[in-house]
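>
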Amino acid sequence: MESPVQLLNVLEWAHTDATAGDGPGEPTASAGTSGEFDPLDSLDLVVLPPNDPMTRGQLRRMAELARDEGHSVQWAEARGGAAAPVKTIASLARPLRRASRIVIGDPFSRYVQLLLNLTAARTVVVVDDGTATMEFVAQLARGERLTRWHRKGVGGPAAVLYAPVSHRARRRLTPGEGRRVEVFSSMPVDETVTELGVTVTANDFAWTRARFGPPRLTRGTDLVGTSLVETGVVDIERYLEAVTRLARTHGATRYFAHRRESTEKLHRVAGEAALEVVRPDLPLELVARRGPIGHTILSFPSTVVHTLPLALAGTEVKVAVCDVDPAWLTEQASPRAQGFLSGVTGTARAAHRLPS
Numbered sequence: 005m006e007s008p009v010q011l012l013n014v015l016e017w018a019h020t021d022a023t024a025g026d027g028p029g030e031p032t033a034s035a036g037t038s039g040e041f042d043p044l045d046s047l048d049l050v051v052l053p054p055n056d057p058m059t060r061g062q063l064r065r066m067a068e069l070a071r072d073e074g075h076s077v078q079w080a081e082a083r084g085g086a087a088a089p090v091k092t093i094a095s096l097a098r099p100l101r102r103a104s105r106i107v108i109g110d111p112f113s114r115y116v117q118l119l120l121n122l123t124a125a126r127t128v129v130v131v132d133d134g135t136a137t138m139e140f141v142a143q144l145a146r147g148e149r150l151t152r153w154h155r156k157g158v159g160g161p162a163a164v165l166y167a168p169v170s171h172r173a174r175r176r177l178t179p180g181e182g183r184r185v186e187v188f189s190s191m192p193v194d195e196t197v198t199e200l201g202v203t204v205t206a207n208d209f210a211w212t213r214a215r216f217g218p219p220r221l222t223r224g225t226d227l228v229g230t231s232l233v234e235t236g237v238v239d240i241e242r243y244l245e246a247v248t249r250l251a252r253t254h255g256a257t258r259y260f261a262h263r264r265e266s267t268e269k270l271h272r273v274a275g276e277a278a279l280e281v282v283r284p285d286l287p288l289e290l291v292a293r294r295g296p297i298g299h300t301i302l303s304f305p306s307t308v309v310h311t312l313p314l315a316l317a318g319t320e321v322k323v324a325v326c327d328v329d330p331a332w333l334t335e336q337a338s339p340r341a342q343g344f345l346s347g348v349t350g351t352a353r354a355a356h357r358l359p360s
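If you count the sequence shown from 1, position 82 lands on 86 in my numbering, and the numbers rise without skipping.
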């Protein structure tokens with residue numbers, strides 16, 4: 005796991021897997037390639053933390069929750085210097101070869117793809133990594149190479165050298181003889197992927213709802229931040245204008261920062277939009293479920309417009325999504341960006357849609 009959301013969704017998957025028996029009290033079930041089920045007592049989780057402090061902080065808090073659930077957590081500093089990747093991969097090679105089932109969070113990650121080249125696991129489970137899961141499933145269904153939706157071009161020489169690794173990883177993520185693939189997701193997925201033999205399991209955030217809440221609701225409105233500026237998709241000035249306009253129109257008072265948003269940008273959000281910037285210590289689904297949270301939550305196209313209605317099911321919280329105007333996109337934005345973002349908004353049926 006490389007992000008807090010991935011780790012959260014592994015816990016959701018484990019909870020769903022543990023309650024997948026024929027009735028109450030059934031033993032924990034984990035599917036094998038032959039249709040047999042073996043008890044799943046705990047997971048051996050490996051965290052490959054990135055370097056940014058906010059993500060690392062959230063990962064440590066999620067690791068504590070995972071340990072509370074009875075899972076073991078290994079913290080592997082795979083980005084801690086030139087020798088770190090080699091040491092990390094070497095330390096994981098043996099358990100990967102022995103594992104009959106592995107769970108991954110980001111099939112686009114080069115680290116994950118390298119590790120997939122080392123495993124002979126009969127079952128591979130892909131848990132949600134936000135909206136990226138939608139693109140992964142669509143590319144798998146179309147037989148395309150795995151490329152993040154916001155990337156422009158095909159990459160440089162490094163991508164060419166890495167292509168064989170990526171190709172083999174993609175084969176490991178395609179069902180075949182003696183190879184089962186499951187996608188565990190709260191996002192809408194391309195149904196044609198089931199024709200390849202992929203098992204799609206719905207993530208309804210049952211663990212989150214059972215573990216936390218219901219939350220206390222405030223009378224105000226909260227706004228959820230996004231990293232679209234940091235990924236080069238949206239112009240920062242247009243983004244700040246939109247945030248300011250949304251805050252004034254809907255009376256928002258708090259801004260929940262995305263973990264990858266820059267400090268400089270957040271200072272401008274606080275000053276220009278007059279919002280209280282909150283840096284969550286856990287994924288927003290857990291923060292919202294624990295409360296207090298606004299009666300209305302505003303967001304741009306992102307994962308939370310799909311996940312928050314599920315995590316907050318049974319409450320009176322309304323989630324609203326604001327479209328991204330094509331004029332906000334940068335010259336560096338991928339040609340696929342507008343269509344992808346529109347798809348994220350359009351498929352969020354439990355969220356109210358606002359004009360851009």
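Backbone N, C-alpha and C fix where the C-beta goes; we use that ideal spot for every residue, glycine too. What you are looking at is a predicted structure, and each value in this text was computed from that prediction instead of being measured.
Three or more beta-carbon pairs under 8 Å between the stretch 291-301 and the stretch 189-200, yes or no?
Short answer: they don't touch.
> Quick one: Cα of residue 322 to Cα of residue 355, how far?
Rounded to the nearest angstrom, the two C-alpha atoms are 7 Å apart.
> Going along the chain, which residues of its own chain have a beta-carbon closer than 8 Å to the beta-carbon of residue 65, five neighbours each way excluded?
Hits under 8 Å: 8, 285 and 286.
> Using the Cα positions of residue 141 and residue 133, report the straight-line distance between them to the nearest angstrom.
Taking the straight line joining both Cα atoms gives about 12 Å.
> Counting C-beta neighbours from all protein chains within 10 Å, is the total for residue 179 16 or more, i.e. buried, or is it exposed?
When all chains shown are included, residue 179 counts as buried.
> Over the uninterrupted alpha helix (DSSP H) stretch that includes residue 61, give me the two end residues.
Per DSSP, residue 61 belongs to the alpha helix (DSSP H) from 57-72.
> Does the distance from the CB of residue 105 to the CB of residue 128 come in under 9 Å?
Contact: yes.
> May I ask you to report which of helix, strand or coil DSSP gives residue 175?
Helix.
> So, helix, strand or coil for residue 78, using DSSP?
Residue state, collapsed to three classes: strand.
> Compute the Euclidean distance between the alpha carbons of residue 117 and residue 150, then round it to the nearest angstrom.
Their Cα atoms are separated by approximately 10 Å.
> Would residue 146 be called buried (16 or more neighbouring beta carbons within 10 Å of its own) or exposed?
With fewer than 16 other Cβ atoms within 10 Å, it is exposed.
> Measure the beta-carbon distance from residue 51 to residue 67 and round it to whole angstroms, keeping in mind my assumption that it falls under 8 Å.
6 Å between Cβ atoms; contact.
> Roughly how many angstroms separate the alpha carbons of residue 148 and residue 248, rounded to a whole number?
Cα to Cα, residue 148 sits roughly 39 Å from residue 248.
> Would you give the residue range spanned by the beta strand (DSSP E) that residue 130 belongs to?
That run of the beta strand (DSSP E) goes 127-131.
> Alpha carbon to alpha carbon, how far is residue 265 from residue 276? Give it in angstroms, no decimals.
Using only the alpha carbons, I get a separation of about 16 Å.
> Following the continuous alpha helix (DSSP H) through residue 245, name the residue where it begins and the one where it ends.
Where residue 245 is concerned, the enclosing alpha helix (DSSP H) stretches over 240-254.
> Quick one: Cα of residue 46 to Cα of residue 107, how far?
Those two C-alpha atoms are separated by around 13 Å.
> What number of angstroms, rounded off, separates the C-alpha of residue 58 from the C-alpha of residue 269?
C-alpha separation (whole angstroms): 15 Å.
> Reducing DSSP to helix, strand and coil, say where residue 24 ends up.
In this structure, residue 24 counts as coil in the three-state DSSP scheme.
> For residue 324, which residues does DSSP report across the bridge?
Answer is 302 and 356, bridged to residue 324.
> How long is the line joining the alpha carbons of residue 205 and residue 21, rounded to whole angstroms?
Cα-Cα distance, rounded: 10 Å.
> I think residue 216 touches residue 114, with their Cβ atoms under 8 Å apart; what is that distance to the nearest whole Å?
About 34 Å; that fails the 8 Å criterion.
> Applying the 10 Å Cβ sphere with the 16-neighbour rule, what's the burial state of residue 337?
Flag for residue 337 reads buried.
> Taking Cβ to Cβ, would you say residue 281 is nearer than 9 Å to residue 273?
For residue 281 and residue 273, yes; Cβs fall inside 9 Å.
> What three-state label does DSSP hand residue 265 in the structure shown?
Residue 265: coil per DSSP, three-state reduction.
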